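The listed protein sequences correspond, in order, to chains P and R.
If you want the numbering used here, it's the 1-based position in the first sequence plus 36.
If you want the numbering used here, it's the 1-based position in the second sequence plus 36.
For each residue, glycine too, the CB sits at the ideal point set by N, CA and C.
Keep in mind it's a predicted model, so treat the numbers as computed, not measured.
There are 2 protein chains.
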Amino acid sequence: MTPAPDVFAGLQVDLSTTVDRVAEELRRAIFDGELESGTALREVALAGSLGVSRSTVREALALLVAEGLAVREPNRGVSVAIPDAEAVSDLCHARLVLEGAGVRAWAQADEAARAHVRERLAAYTGAVADGAGYRELNARHLAFHVALVELTGSPRLVAMQESLVRELRLALAQVERIRRNAHDQADTHAELVALLDAGRLDDALTFLDAHLAGAETAILAALALGA
Amino acid sequence: MTPAPDVFAGLQVDLSTTVDRVAEELRRAIFDGELESGTALREVALAGSLGVSRSTVREALALLVAEGLAVREPNRGVSVAIPDAEAVSDLCHARLVLEGAGVRAWAQADEAARAHVRERLAAYTGAVADGAGYRELNARHLAFHVALVELTGSPRLVAMQESLVRELRLALAQVERIRRNAHDQADTHAELVALLDAGRLDDALTFLDAHLAGAETAILAALALGA
DNA sequence: GATTGCCAGATTGTCCGACAATCCTACAAC
DNA sequence: GTTGTAGGATTGTCGGACAATCTGGCAATC
């Protein structure tokens, strides 16, 4: 065995397959609002547009379906998922469970995880201060909430949260296709972290509960407007 | 539009595709221990054995990978996932979060959900009394724990729990391949439900915590023996 | 008029065959 | 002991093919 030199850290090569890149492009198009929810994703058309084979498109579509970003109706094809009120409500409910677990774990959490939460908060507030676009704000905002779940130290819980956030981004894309409200909630999140730093976990939990409930009603209202 | 007669309730037809059936067969083989963890799932070999095309096998394998039952190494193929100690620990940690949320929701839960928990418990204890095989006991046992998460009323949390349970079944299959310990924990679970019925939620939570911690150490010990 | 039967087009589900790129192993060469 | 090379095995991707199914329209029927 080679005596493992650490000199090669930081080196990496793109191992992504064509299927991955197709799936990533579809995700981007969905999140950017280019693909309205409900749009039928025809295999031959996509294969033609993207310059890849139908088999490749099919595998990519299977990925999206597994992620919940698209739904497959047997013998009828795949279409971009339509986030209804019930789905949004469920998403926020599930988020409260996962993020609540992260908040509860604040004290026992790894110091690196706590630092990461603060970093994500700073990145979010910084983006707000810089007047970033609503897409970047969304990304920073949701990244912060993922960092909360990372406090649990559980890869699987984090993966679940990322899945929830993906679906939420789909819903947000539909909302923002109508009206682009660059919601500035940076102060709210700073307050949450302040509560955590002060060790007031119970207050932080109720605060998070209220925050998510507010987000739910806001999204539902926006969705109702669009429908 | 036809005046929608409800006469056709209870009618259903199998819409499953070949890919679904292949995936289901692979799952069965994994859970039944026929496919040891780490086994390479070669596409051509599977296609030949199952009498289907390689494309179909590839799609089925993609499903298993998405479920976490198998892992894909780029350009190297798919193999049955190997549940290491870290994974088992994480699984139990994540389960505590989800099932804990269910227990916390006991009071506000739908009465049907509470009844379902009791049903699953009865099915489990009944299976124990009938001297059922260890596979059926596992299924009943884990079904009970899924019912706990159903108390939250959140389809997404339930889906996550089912995903965790699938991975756990994989780990259990490896353990039981070595020594078939038909663990009778029916009494423990009955006690948990008794605490819930008595409204002692905090006690139920600590009880669940201890139960899952015990399960974790038991599985880890069995895994260590096998390795 | 509402229902049914039928037909053509579009799309999916599945199969087959092919080929380059990559990986693995072994073995030769330095 | 490292490097180079050759061969076989496997994956990743492609293109074409075909039956089964869905969709919509239109004729036939009661």
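Distance CB(residue i)-CB(residue j) smaller than 9 angstroms
{"i": "Leu184/P", "j": "Glu135/P", "result": "yes"}
{"i": "Val201/P", "j": "Val182/P", "result": "yes"}
{"i": "Arg176/P", "j": "Ala159/P", "result": "yes"}
{"i": "Leu248/P", "j": "Ala240/P", "result": "no"}
{"i": "Glu186/R", "j": "Ala149/R", "result": "yes"}
{"i": "Gln210/P", "j": "Ser73/P", "result": "yes"}
{"i": "Val101/R", "j": "Val114/R", "result": "yes"}
{"i": "Ala207/R", "j": "Leu157/R", "result": "no"}
{"i": "Phe180/P", "j": "Val139/P", "result": "no"}
{"i": "Phe67/P", "j": "Arg171/P", "result": "yes"}
{"i": "Ser190/R", "j": "His129/P", "result": "yes"}
{"i": "Ser91/R", "j": "Ser85/P", "result": "no"}
{"i": "Ala106/P", "j": "Val116/P", "result": "yes"}
{"i": "Val133/R", "j": "Leu193/P", "result": "yes"}
{"i": "Cys95/R", "j": "Glu155/P", "result": "First, the amino acid is wrong: residue 95/R is Glu here, not Cys. Going by C-beta atoms, Glu95/R is not nearer than 9 angstroms to Glu155/P."}
{"i": "Ala251/P", "j": "Thr161/P", "result": "no"}
{"i": "Gly69/R", "j": "Glu212/R", "result": "yes"}
Status (buried if at least 16 other CB within 10 Å, exposed otherwise) for residue i
{"i": "Asn265/R", "result": "Only positions 37 to 263 of chain R appear in the structure, and residue 265/R is not among them; the question remains open."}
{"i": "Thr188/R", "result": "buried"}
{"i": "Glu203/R", "result": "buried"}
{"i": "Ala260/R", "result": "exposed"}
{"i": "Ser89/R", "result": "exposed"}
{"i": "Phe243/P", "result": "buried"}
{"i": "Pro119/P", "result": "buried"}
{"i": "Gly167/P", "result": "exposed"}
{"i": "Ala246/P", "result": "exposed"}
{"i": "Ala151/P", "result": "exposed"}
{"i": "Ala121/P", "result": "exposed"}
{"i": "Ala257/P", "result": "exposed"}
{"i": "Leu62/P", "result": "buried"}
{"i": "Leu71/R", "result": "buried"}
{"i": "Thr253/R", "result": "exposed"}
{"i": "Ala76/P", "result": "exposed"}
{"i": "Val55/P", "result": "buried"}
{"i": "Val58/P", "result": "buried"}
{"i": "Val229/P", "result": "buried"}
{"i": "Leu99/P", "result": "buried"}
{"i": "Leu178/R", "result": "buried"}
{"i": "Asp146/R", "result": "exposed"}
Short CB-CB distance (under 9 angstroms) between residue i and chain P
{"i": "Arg192/R", "result": "yes"}
{"i": "Arg202/R", "result": "no"}
{"i": "Leu244/R", "result": "no"}
{"i": "Val80/R", "result": "no"}
{"i": "Leu134/R", "result": "yes"}
Collapsed DSSP secondary structure at residue i in the structure displayed
{"i": "Ala76/P", "result": "strand"}
{"i": "Glu186/R", "result": "helix"}
{"i": "Glu109/R", "result": "strand"}
{"i": "Val101/R", "result": "helix"}
{"i": "Met37/R", "result": "Residue placement at Met37/R is poorly supported in this model, since its pLDDT is 43, which falls under 50; the coordinates still yield a value, given next. Met37/R falls in the coil class under three-state DSSP."}
{"i": "Ser85/P", "result": "helix"}
{"i": "Val49/P", "result": "coil"}
Chain R within 9 angstroms of residue i, Cβ atoms only
{"i": "Gly169/P", "result": "no"}
{"i": "Leu99/P", "result": "yes"}
{"i": "Ala189/P", "result": "Sequence check: residue 189/P is Gly here, not Ala. So, interface residue."}
{"i": "Ala145/P", "result": "no"}
{"i": "Asn111/P", "result": "yes"}
{"i": "Ala102/P", "result": "yes"}
ask   = Residues in the segment 43 to 58 of chain R with C-beta within 8 angstroms of chain P's C-beta atoms, listed in sequence order?
value = Leu51 and Thr53
key: Residues in the segment 117 to 131 of chain P having any Cβ partner in chain R nearer than 8 angstroms   = Asp126, Leu127, His129 and Ala130
task = Can you give me, in chain order, the residues of the segment 87 to 98 of chain R that have a beta carbon less than 9 angstroms from any beta carbon in chain P?
result = Ser91, Arg94, Glu95 and Ala98
inquiry  = So if I threshold CB-CB distances at 9 angstroms, which residues from the segment 222 to 250 of chain R count as touching chain P?
reply    = none
inquiry  = To be precise: take each residue of the segment 171 to 187 of chain P, compare its Cβ to all Cβ atoms of chain R, and keep it if any distance is under 8 angstroms. Which residues remain?
reply    = none
query = Residues in the segment 137 to 161 of chain P with C-beta within 8 angstroms of chain R's C-beta atoms, listed in sequence order?
reply = Ala137
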